[in-house]
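In our numbering, the protein residues as written are 1467 to 1838. Heads up, the beta-carbon is just placed ideally off N, CA and C, and yes, glycines get one too.
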């Protein structure tokens, strides 16, 4: 063997060794890079998913918060029905609100898929007449009797034939009914169908039911206006002296002057005595608006001047402590609400209840009294 043979063999062995070493290093580097990239991607995905979930929860909470606020700000039942139909758009395709009276369901508002946010979500005047006894719709009857949400198939036996036809339900479609109640009686039902999310709908229906209960309770608590009537003068109340030449009224006696001076002034235009149920819908809404206005005005006095209110109660003269605020509120109430002939001074009633704690004497001797 030549001297160069061992050298060549050694070189070949080294080359093979380094070749295998390089391959191993390449595989390790590739594996490490792949592992780190995968970990980074997984972390980024997890972070993105967590961020997306957090943002989704925040957006849902904000949306529900705004929906609840709008429901609580509704002015009356009709406004509440319209708001409920509007705030549930993200959570169901089809919806309707039915009022319940003497076990008869009457469609008040309705939203069908083709309408979306269109105007027909509004007044019941745009709806086809839809009214049926709940005995003809088992799901309605169950929701009213149990006061719990009901899931039913959209069949005529469950939700009535006219409703199935109007909404174009399929035989295998499921519908949800949420009773609106804040007490022992269900006065309305929220009906939802199509692709929907039951939990938010149930929450909003609960809020709407409580607000509806507030409306009915306020209407039931409205006091009947008790209005004094101006007495008519009786014949012979005036004394006259008749002479041969002329007739002239005699001068009133001193006692009559004193009685006249101390007699209270009587309103020349007495207000009407009208039962609540005899008022028109607009008049009832005017009364409810006046009650809300009075509560807001008195609440501002309580929150804005708590020290003055406490001092006035202690001195049994709240009017002296809050004269500017009370006079301003009385003037606003007079201009805004007292033009109606059946109106009651709800501001006075609220001040007696809330400021004077049901003791009118605490308002003080100089308090002007109810508006007339």
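Label residue 1487 either buried or exposed according to how many other C-beta atoms from any shown protein chain fall within 10 Å of its C-beta, with 16 as the threshold for buried.
exposed
Can you tell which of 1626, 1615, 1634 has its C-alpha closest to the C-alpha of residue 1598?
1626
Can you give me the Cβ contacts of residue 1678 inside the same chain, cut-off strictly under 7 Å, excluding the 5 residues immediately before and after it?
Taking residue 1678 as the centre and dropping the five residues before and after it, the same chain places the C-beta of 1543, 1546, 1646, 1648, 1653, 1654 closer than 7 Å to its C-beta, in chain order.
Can residue 1643 and residue 1616 be called in contact, C-beta distance under 7 Å?
For residue 1643 and residue 1616, yes; Cβs fall inside 7 Å.
Roughly how far, in whole angstroms, is the beta-carbon of residue 1814 from the beta-carbon of residue 1836, given that I think they are within contact range, below 8 Å?
4 Å
How many angstroms separate the CA atom of residue 1747 from the CA atom of residue 1681?
Taking the straight line from one Cα to the other gives about 13 Å.
Rounded to the nearest angstrom, how far is the Cβ of residue 1788 from that of residue 1778, given a contact under 8 Å?
Correct: roughly 6 Å between the Cβ atoms.
What is the DSSP secondary structure of residue 1840, counted as helix, strand or coil?
In the structure as shown, the chain starts at 1467 and stops at 1838, and residue 1840 therefore has no counterpart that could be examined.
Chain-order list of residues whose beta-carbon lies under 7 Å from that of residue 1657 (same chain, five-residue window excluded)
Spatial neighbours of residue 1657 in its own chain (CB-CB distance under 7 Å, excluding positions within 5 residues in sequence) are listed in chain order as 1561, 1562, 1564, 1641, 1643.
Boundaries (first-last residue) of the beta strand (DSSP E) holding residue 1566:
1558-1567
Would you mind sorting residue 1606 into buried or exposed? The rule is 16 or more other CB atoms within 10 Å of its CB.
buried
Suppose contacts are defined by Cβ-Cβ distances below 7 Å. Is residue 1537 in contact with residue 1673 by that definition?
yes
What residues match up with residue 1804 in a beta bridge as DSSP calls it?
According to DSSP, which records beta bridges pairwise, residue 1804 is partnered with nothing at all.
Would you grab the beta carbon distance between residue 1812 and residue 1765 for me? Rounded to a whole angstrom, and I think it's under 8 Å.
That pair is no contact at about 13 Å.
Taking just the CA atoms, how far does residue 1763 sit from residue 1819?
13 Å
Enumerate, from N- to C-terminal direction, the unbroken beta strand (DSSP E) stretches of 3 or more residues contained entirely within the segment 1607-1674.
The segment 1607-1674 contains these whole beta strand (DSSP E) runs: 1616-1619, 1640-1646, 1654-1662.
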